[in-house]
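As given, the protein sequences belong to chains A and B, one line each in that order.
The first sequence lines up with residues 1 to 399 when you count with this note's numbering.
The second sequence lines up with residues 1 to 399 when you count with this note's numbering.
Number of protein chains: 2
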Amino acid sequence: MSLKFAKRMDNMKASDIREMLKLTQKPEVISFAGGLPAPELFPVEEMKLVLAKVMDEYGTVALQYGPTEGFEPLREKILDRMAKLKVDDLTIDNILITSGSQQGLDFMAKAFINPGDIILCESPTYLGAINAFRAYEPRFIEVETDDDGMILEDLEEKLRENDNVKFIYVIPDFQNPSGRTMSIERRKGLVDIANKYNVAVVEDNPYGELRFEGEIYPAIKHYDTEGRVIFLGTFSKIFSPGLRVGWIAADEEVLRKFILIKQGADLQSPTINQIAVAKFLDHYDIEAYIDRIKKVYKRRKDLMLNTIREEFPEGIKVTDPDGGLFTWLVLPPHINARELSIKALEKNVAYVPGGSFFPNGGNENTLRVNYSNMEEERIVEGVRRLAQVFKEALEKIEA
Amino acid sequence: MSLKFAKRMDNMKASDIREMLKLTQKPEVISFAGGLPAPELFPVEEMKLVLAKVMDEYGTVALQYGPTEGFEPLREKILDRMAKLKVDDLTIDNILITSGSQQGLDFMAKAFINPGDIILCESPTYLGAINAFRAYEPRFIEVETDDDGMILEDLEEKLRENDNVKFIYVIPDFQNPSGRTMSIERRKGLVDIANKYNVAVVEDNPYGELRFEGEIYPAIKHYDTEGRVIFLGTFSKIFSPGLRVGWIAADEEVLRKFILIKQGADLQSPTINQIAVAKFLDHYDIEAYIDRIKKVYKRRKDLMLNTIREEFPEGIKVTDPDGGLFTWLVLPPHINARELSIKALEKNVAYVPGGSFFPNGGNENTLRVNYSNMEEERIVEGVRRLAQVFKEALEKIEA
């Protein structure tokens, strides 16, 4: 038997991250590979109480079908999250609940991409987005980036040269994988350019609230004057990824398309999860909880960066992120981080080869390192082992 | 501003059912429109205890990311469900957890359909499947049906005449919307024909365990000799739809494609929901619970059918289903059930016009009626009001 699959399946391959996560589940592995929150911070006791309340107060409602758009009180509460990023002109009619922001990525391509259409993205960009988009057979054009995010001159040039660009995909804060943040000026400039060329913008913003110090940056959507920025949010990084509760915030007309897509895709996100998140927000102080996360992640990040600076051989560049979960390493050009990831795994340390984050390939001298999920002594030990791997590789090259 | 959406969006429209459900949420409406389980049967107290246990025993795991394939102990338990339908040659490597079986429908089209490819389906067929499939721009060819399901001669003729058929979509038990069940002989015959023409079969089987009397029929997948039947299952109708836990059971090679699709679509179904279902199955007797559901639904079905027979004017055909949630009415050819649904709503009774279940249109003299969700006196009262609506319509035609 050989069934005939759709053409799109030729483009799809397993996420390196998800496959690697399987290898890294052995307890002896120090994993910098995933993008997992620190589980010891999860509000387990609070959620136990919340779930009991949900069953007491909403029992039959929680176990029943609910509206495709989502549980209204939760959509209401999401307006607070948006306001924190200075997006304060929305109503619940702009909010659709999704199963994590990953689902928003899939829907985005489903709504906009015909085979061959172009997606402009940061170089590098989030691997999960590349995989979600690929199912719709787009062409990716990577926009050059620096420490302030997408370089707008390059963005505009690529828009000028290509007329079937459907959207610009961008992760403005503590980008996955690079850890870099788009400057406020460029946020404004990005919207101006999108207006000029009449393309949509997908703002994937799972980490914006996880800024370690100083004021949170306004979302790109804050600068949206024409309803063309589609914002993807999630509770995965500020609360719990295992609940799979995210959202799309968009112009009403655009959101209606996403609601249709949601109906076809899975009818609705789980009722009980949505009520539980809404009740958690009612009964507990999410801001205090986010502060606790930030404190721990900042400490881990500082420790990782300091250890890297102490232990790593010269010639390796590292990002010092202002928030979020990741840092990014650039090795000398001739060092292949994908090959070295095998050597690292032999020493029971895991990371994700950076090449995976470039939809058009190359850049195999880079890697993404996560600091949120490992406890402090393991961070130090893991960085030390990595330092050894890189030293050996550099010596070999020199020899 | 006018953003350019993908071509597929031209095909997508709101589900009549989901739109109607919004109108029917007023408490005074007697709704036969949805496909909702009886909420008063939900094991609310049991779930409260289960959720507390999940948080005690799996707290951080339940709130964390988990594997794309799903929670292993749940996949293990799903083998029992499959065995109940006489599919007993599977392992957990054949099982992928999805967000309801609706997600399985979406994935099916995503895996197999290029624009213009043909889907063979029952006439009528499930509206939610039509909407999910439409996003992938297939052509639907309806196969004639009778009281024993798809007519195999017609199926074979359509396979002979069309060479880009990708799959046959079928709901074998207590079909949504017709309430009819495919005979055992035809299940075997369907697999033989699929083998002969090398096409996949999607068996959408949410109701198989809800047979009111006699032995459960073996699933079509029981007769699958070549791994070409893809089985979609769900806990929505035997436990709770608000948890959104379903599954795909398929040949390993085929399942690998679905796992890739799942990664891109939403990474994984919620961890906590999967653990909760597995723990419920550990601690409670799901068979006893299903028996309770069946008893209530059978009583409601009998009451509805008896009232229809007593109250309805002549010339209306009704299915007497052996299980499941729906019955199906065929009015005289010139009566338009879609138009009458407005009149029925004026009397605070709702149903779904049957025309919506025919992907290529027509058949506007039909309607789907749900009996699982309304209490007994409301069933009687609702049928009486419908009888009045139909009598008036018939008298008008005669006059």
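Just so you know, even glycine gets a beta-carbon here, dropped at the ideal spot from N, CA and C.
Since the structure is predicted, the reported quantities are computational estimates derived from the model, not experimental observations.
DSSP three-state assignment for residue i, whether helix, strand or coil
i                      : result
residue 267 of chain A : coil
residue 200 of chain B : strand
residue 156 of chain A : helix
residue 301 of chain A : helix
residue 122 of chain B : strand
residue 210 of chain B : coil
residue 84 of chain A  : helix
residue 245 of chain A : coil
residue 177 of chain A : coil
residue 217 of chain B : coil
residue 29 of chain B  : coil
residue 454 of chain A : Summary: the structure shown does not reach residue 454 of chain A, with chain A confined to residues 1 through 399, and so no result is reported for it.
residue 289 of chain B : helix
residue 136 of chain A : coil
residue 60 of chain B  : helix
residue 231 of chain B : strand
residue 239 of chain A : coil
residue 48 of chain A  : helix
residue 107 of chain B : helix
residue 97 of chain A  : strand
residue 39 of chain B  : helix
Whole-Å CB distance - residue i paired with residue j, under 8 Å assumed
i                      : j                      : result
residue 261 of chain B : residue 107 of chain B : 5 Å
residue 155 of chain B : residue 202 of chain B : Actually they do not touch by this definition, with Cβ atoms about 14 Å apart.
residue 199 of chain B : residue 159 of chain B : 7 Å
Same chain, Cβ closer than 6 Å to residue i, five either side skipped, listed in chain order
i                      : result
residue 284 of chain B : 46
residue 238 of chain A : 209 and 290
residue 76 of chain A  : 92
residue 406 of chain B : Residue 406 of chain B lies beyond the residue range present for chain B, which begins at 1 and ends at 399; the question has no answer from this structure.
residue 258 of chain A : 96, 107 and 248
residue 301 of chain A : 371
residue 33 of chain A  : 20, 24, 350, 351 and 352
residue 273 of chain A : 243 and 245
Cβ neighbour criterion (16 or more within 10 Å) applied to residue i
i                      : result
residue 292 of chain A : exposed
residue 131 of chain B : buried
residue 342 of chain A : exposed
residue 309 of chain B : exposed
residue 24 of chain B  : buried
residue 116 of chain A : exposed
residue 397 of chain A : exposed
residue 10 of chain A  : exposed
residue 269 of chain B : buried
residue 420 of chain B : Residue 420 of chain B is absent from the structure shown; chain B starts at 1 and stops at 399.
residue 173 of chain A : buried
residue 266 of chain B : buried
residue 400 of chain A : Because chain A in this structure spans residues 1 to 399, residue 400 of chain A falls outside the shown range and cannot be described.
residue 306 of chain A : exposed
Own chain, CB closer than 7 Å to residue i, minus 5 neighbours either side, in chain order
i                      : result
residue 118 of chain B : 138, 139, 141, 162, 164, 165 and 166
residue 51 of chain A  : 276
residue 103 of chain B : 246
residue 224 of chain A : 191
Same chain, Cβ closer than 8 Å to residue i, five either side skipped, listed in chain order
i                      : result
residue 122 of chain B : 142, 143, 145, 149, 150, 169, 170, 171, 175 and 178
residue 388 of chain A : 347
residue 355 of chain B : 337, 338, 361, 362, 363, 364 and 366
residue 304 of chain B : 327, 369, 371, 379 and 383
residue 390 of chain A : 312, 313, 316, 331, 335 and 340
residue 100 of chain B : 234, 236, 241, 244, 245 and 246
residue 184 of chain B : 217 and 218
residue 53 of chain B  : 279 and 283
ask   = Given a limit of 8 Å on CB to CB distance, which residues of the region 58 to 75 of chain B reach chain A?
value = 59, 60, 61, 62, 63, 64, 65, 66, 67 and 68
request  = Taking a Cβ distance cut-off of 7 Å, strictly less, list which residues of the region 237 to 253 of chain A are near chain B, in chain order.
outcome  = 240, 241, 242, 243 and 244
task = Using a Cβ-Cβ cut-off of less than 7 Å, list which residues of the region 100 to 117 of chain A approach chain B; keep chain order.
result = 100, 102, 103, 106, 110, 111, 112, 113 and 114
key: the region 350 to 361 of chain B: positions lying closer than 9 Å to chain A by Cβ   = none
task = Output, in sequence order along the chain, the residues in the region 262 to 284 of chain B whose CB is closer than 8 Å to any CB in chain A.
result = 263, 264, 265, 266, 267, 268, 269, 270, 271, 272 and 273
Short-range partners of chain B found in the region 182 to 205 of chain A, where Cβ spacing is below 9 Å = 195, 198, 199 and 200
key: Within 7 Å of chain B by C-beta, residues of the region 43 to 55 of chain A in sequence order   = 44, 47, 48, 51, 52 and 55
message = Using a Cβ-Cβ cutoff of 8 Å, what residues of the region 331 to 347 of chain B are near chain A? List them in chain order.
response = none
inquiry  = Any C-beta of chain A within less than 9 Å: which residues of the region 374 to 396 of chain B qualify?
reply    = For the region 374 to 396 of chain B, which is checked against every Cβ of chain A, not one residue is closer than 9 Å.
request  = Can you give me, in chain order, the residues of the region 130 to 148 of chain A that have a beta carbon less than 7 Å from any beta carbon in chain B?
outcome  = 131, 132 and 135
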